[in-house]
Amino acid sequence: MKRFVRADEIKSFLKDGMTIMVGGFLANGSPERLITAVLEAGVVNLTIIANDGGWEDRGVGRLIVARRVARLVASHIGTNPAAGRLMQSGEMAVTLVPQGTLVERIRAKGAGLGGVLTPTGLGTVVAEGKPILSVGGKDWLLEEPLGADLALLGGAIADRHGNLAYRGSQRNFNPIMALAADIVVAEPYEILPELDPECVITPYPLVDYVLEG
Amino acid sequence: MEDKYVIAKRIALELRDGDLVNLGIGTPTLVADFIPSDRHVTLQSENGIVGIGPLSETPTGSVNAGGNAATIANGGSFIDSALSFSLIRGGHVDVTVLGALEVDREGSLASWIIPGKKVPGMGGAMDLVVGAKKVIIATTHTNSGKPKILNRCSLPLTAYRQVDLIVTELAVIAVEKDGLRLLEVHPNHTIEEIVALTEAPLRVDGVVPMKGVETE
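Top to bottom, those sequences are chains A and B. Residue 196 is where the first sequence ends in the numbering used here, and the numbering goes up by one at each step. Residue 248 is where the second sequence ends in the numbering used here, and the numbering goes up by one at each step.
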């Protein structure tokens, strides 16, 4: 970890048109203070990669409602009516990705792999235009790695080194996204002196900045 | 008993002691309320819970796949989404129960998009249907009188030829290699009625009354 930051300091990492991964599942484990900071920074034309479109008043849904998102890559947008409207009107491009494929594409990027061979999506529109490879006598869909300029993580408990553990089901995409972005910022509920090394989920070298309390 | 409870109760009888089970949103979630007490079934929630407990009326910090406040059962664990979908895609989940817009005679499922009308997205359904050892569809038999069990799905597919069993409020139908077989019929209805409400052809030899239905 480089250092602890205040919310307003993340402005220096933000620019129009950038790609941001945001952790959370239906806003459970999404970094709400960091999302507020992105809103306040005024950046637009963002590409957001997240599990879902959140809710209109929670999670990445707030960025969508505020029309900061030009392109959304997610597995589900059904809980955010604004996302559906903006997609239908053409104001926001939405790429729907099966949830297991989405997380594994992110993991592939972060793990230095050239892609994922998955059975998910074979025989559906998800497979259109993508290579199908035969390995071991079975067909697999080739899905490419997915990375971002910035990852914003939530649901965390940090220590002074920047190690992260996560509360309950708020872990979800967060530790995977920690691998796959140029800059990683975590928003913890609390910062402890030390986490038990056996409980650390995201080790500190993966985390660039931790939001102060 | 309301249709959705008839469906949920019947599906619960399909679960075996020791199964790891993923229940989809809606009627599939209700299956948890009907699991026979002599069977220990572990429920997985794809957002990262192995061993999800009952819903909570107050926030717990954790949610189920529908975003509702969730608890964790004894012995349960929290995992990340990559491990969660490794369980799902890797064949470690014994049974998944999902809803449907359409399902067809080949066992293909459409459940995630009505083009131009409703585009919620597939969420984890495509992975679940491909990866779970047994795929059970929980659906009403018809939608506004129109069959949902078709010769061929007209909507974009969630998965091609992955469904094993279809349970409706009227019947239980198995997907076999050469088509659909009617296994059970609700005692208040006849085989002929079910055949008339089903677009896909049904083999009807050996049909028995639907299990778990209390006759009056």
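Backbone N, C-alpha and C fix where the C-beta goes; we use that ideal spot for every residue, glycine too.
For residue 103(B), the uninterrupted beta strand (DSSP E) segment begins and ends at 102 to 110. In this structure, DSSP gives residue 53(A) an extended state, which the three-state scheme calls strand.
The alpha-carbon separation between residue 193(A) and residue 100(A) amounts to approximately 34 angstroms. Against chain B, the CB of residue 4(A) has no partner CB under 9 angstroms away; the residue lies outside that interface.
Judged by DSSP in its simplified three-state form, residue 154(B) adopts coil rather than helix or strand. Under the Cβ distance rule, residue 94(B) counts among the residues neighbouring chain A, one pair being separated by less than 9 angstroms.
Shown here for residue 54(A): same chain residues with a beta carbon closer than 6 angstroms to its own, the five before and five after excluded, namely 30 and 76 in chain order. Going by C-alpha positions, residue 12(A) is about 27 angstroms away from residue 73(B).
About 15 angstroms separates the beta carbon of residue 222(B) from that of residue 200(B), a gap too long to meet the 8 angstroms contact definition. In this structure, 202(B) is the residue among 202(B), 175(B) and 158(B) with its C-alpha nearest to the C-alpha of residue 227(B).
Around the beta carbon of residue 182(A), fewer than 16 other beta carbons sit within 10 angstroms, so the residue counts as exposed. The C-beta of residue 38(A) comes closer than 9 angstroms to at least one C-beta of chain B. Minimum Cα-Cα distance from residue 175(A) among the listed residues 102(A), 145(A), 117(A) and 45(A) corresponds to 145(A). Counting only the Cα atoms, residue 125(A) lies some 46 angstroms from residue 33(B).
Using a CB distance cut-off of 9 angstroms, residue 156(B) counts as an interface residue toward chain A. When CB distances to chain A are screened at a threshold of 8 angstroms, the residues of the stretch 178 to 203 of chain B falling below it are 188, 189, 190, 191, 192 and 193, in chain order. Boundaries of the beta strand (DSSP E) around residue 2(A): 2 to 5. The beta carbon of residue 90(B) lies closer than 7 angstroms to those of 101 in the same chain, with the five residues before and after it left out.
Under the 9 angstroms criterion on CB atoms, residue 79(B) is classed as interfacial with respect to chain A. Across the set 57(A), 89(A), 48(A) and 82(A), the C-alpha of 48(A) shows the shortest separation from the C-alpha of residue 69(A).
DSSP, read as helix, strand or coil, puts residue 229(B) in coil.
The DSSP-derived three-state label of residue 127(B) is strand. Shortest Cα-Cα distance from residue 52(B) to any of 138(B), 194(B), 84(B) and 219(B) involves 84(B).
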